[in-house]
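Worksheet: one structure, shown below.
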Amino acid sequence: MAVDIESFYRSHGPMVLRRCRRLLRDEAKAVDAMHDVFVEILRRKDSLDASSPAGLLLTTATHVCLNRLRSERRKPEDRDDEMLFHIGRHGKPTNAESRTLAGRILDRLFSGQPESTRLIAVLHYVDRLTLEEVASEVGLSVSGIRKRLRTLKERLPAVTGEA
Amino acid sequence: MARATDKVPDWLLERLSAGELAHAQATELRQRLRAQGEEYRLSALSASDAEILSALPPGRIVPEIERRVLCPPIVPDRPDPTACGPCWPCPRSRRAPPAWP
Numbered sequence: 002m003a004v005d006i007e008s009f010y011r012s013h014g015p016m017v018l019r020r021c022r023r024l025l026r027d028e029a030k031a032v033d034a035m036h037d038v039f040v041e042i043l044r045r046k047d048s049l050d051a052s053s054p055a056g057l058l059l060t061t062a063t064h065v066c067l068n069r070l071r072s073e074r075r076k077p078e079d080r081d082d083e084m085l086f087h088i089g090r091h092g093k094p095t096n097a098e099s100r101t102l103a104g105r106i107l108d109r110l111f112s113g114q115p116e117s118t119r120l121i122a123v124l125h126y127v128d129r130l131t132l133e134e135v136a137s138e139v140g141l142s143v144s145g146i147r148k149r150l151r152t153l154k155e156r157l158p159a160v161t162g163e164a
Numbered sequence: 037m038a039r040a041t042d043k044v045p046d047w048l049l050e051r052l053s054a055g056e057l058a059h060a061q062a063t064e065l066r067q068r069l070r071a072q073g074e075e076y077r078l079s080a081l082s083a084s085d086a087e088i089l090s091a092l093p094p095g096r097i098v099p100e101i102e103r104r105v106l107c108p109p110i111v112p113d114r115p116d117p118t119a120c121g122p123c124w125p126c127p128r129s130r131r132a133p134p135a136w137p
């Protein structure tokens, strides 16, 4: 996939920034993550499919932002992580302690799961795509998506007990 | 299956705006937007694009992307002491360091 970074940024940069803003909820961090999204694309340009660049960039932005949230959670000063809390609990955290707990639960919930499962969970629980829409976005069958989400739900009680 | 009353997710709105969706899905999403009186969301994206490109023009963003591409990625949990992530000018960069006055 040939990438003219300047025209690519002009055509898709704002979309990437909006995605990073939505997930990170911090302007400076979103701008920083946006840079890294394009860095990822440039590093992998020889192996990428250019047929749907917006989908590719949105997916890459989601992975970059989730990785940042995960690495931030590992630091002692745990940040407000409402978005990831939603993935696991469908509710709003009430205080820092509950957010930290939610972070631990999510780390355990997703540990050992394919990377794409996190994307599936975000698309369905955070972005509110239907199962059919998620299936179309990630290139899996609806039953495959349902199975991944069911596996997460089945893991949740055990993971919650351990946290 | 999405209902006509379901809000069109931002993710799909972006892909619709980029013209990447299949014709049937694009038509269905446009119908949902129309039914909910939210067609303005598409034009709002264009306005947002212009606003962002004005605040963060390519001339400011692209050089930083290119600089980061030249530096190896840093693994946060096990930092490589030889990595050149935060330092600048990057010793591995092909670009010459700036001439300070």
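Top to bottom, those sequences are chains P and V.
Under this note's numbering, the first residue of the first sequence carries the number 2, and numbering increases by one thereafter.
Under this note's numbering, the first residue of the second sequence carries the number 37, and numbering increases by one thereafter.
Backbone N, C-alpha and C define an ideal beta-carbon position, used for all residues, glycine too.
Keep in mind it's a predicted model, so treat the numbers as computed, not measured.
Quick one: does residue i have its CB under 8 Å from some CB of chain V?
i	result
T61/P	no
V40/P	yes
G145/P	no
R119/P	no
R109/P	no
R23/P	yes
Can you confirm whether residue i, when its beta carbon is compared against all beta carbons of chain P, has any partner nearer than 8 Å?
i	result
T63/V	no
R104/V	yes
S90/V	no
S79/V	no
Closer than 8 Å, CB to CB, is residue i near chain A or not?
i	result
R51/V	Absent from the structure: chain A. Protein chains present are P and V.
What residues of chain P sit near residue i, judged by a beta carbon separation below 9 Å?
i	result
L48/V	D128, L130, E134, E138
Going along chain P, which residues have a C-beta under 7 Å from residue i?
i	result
M38/V	Note that residue 38/V corresponds to Ala in the displayed sequence, not to Met. Within chain P, the residues near A38/V are T131, E134.
Mind pulling the chain V residues with CB within less than 8 Å of residue i?
i	result
H36/P	I97, E100, I101, R104
E28/P	The contacting residues do not exist; E28/P stays about 10 Å from chain V at best.
E7/P	P94, V98
G14/P	I88, L89, L92, P94, I97
L11/P	The sequence given here has Arg at residue 11/P, not Leu. The contacting residues are L89, P94.
Since residue i meets chain V, which of its residues come closer than 9 Å, beta carbon to beta carbon?
i	result
A55/P	E50, R51, S53, A54, G55, E56
V32/P	L92, I97
For the alpha helix (DSSP H) that contains residue i, what are its first and last residues?
i	result
T41/V	Per DSSP, T41/V belongs to no alpha helix (DSSP H) and is neither H nor E.
D85/V	76-91
C21/P	6-25
R133/P	Per the sequence shown, residue 133/P should be read as Glu rather than Arg. 132-139 is the extent of the alpha helix (DSSP H) around E133/P.
R59/V	The sequence given here places His at residue 59/V; Arg does not occur at that position. H59/V -> alpha helix (DSSP H) spans 59-71.
D33/P	28-44
A122/P	116-122
R46/V	As written in the sequence, residue 46/V is Asp, which differs from the Arg given in the question. It spans 46-53 - the alpha helix (DSSP H) in which D46/V sits, taken as one unbroken run.
L106/V	94-106
Please compile the residues from chain V whose C-beta is within a distance smaller than 7 Å of the C-beta of residue i.
i	result
R19/P	S84
L124/P	W47
Suppose contacts are defined by Cβ-Cβ distances below 8 Å. Is residue i in contact with residue j by that definition?
i	j	result
R77/V	L49/V	yes
A34/P	C66/P	yes
P93/V	R129/P	no
L43/P	H13/P	no
L124/P	V135/P	yes
V160/P	I106/P	yes
P1/P	I101/V	The requested residue 1/P is not part of the displayed model; chain P covers only 2 to 164.
T118/P	R69/P	no
E56/V	A55/P	yes
V38/P	V105/V	no
L82/V	R19/P	What sits at residue 82/V in the sequence shown is Ser, not Leu. Not a contact, by the Cβ cut-off of 8 Å.
Q72/V	K43/V	yes
T131/P	A54/V	no
V98/V	E73/P	no
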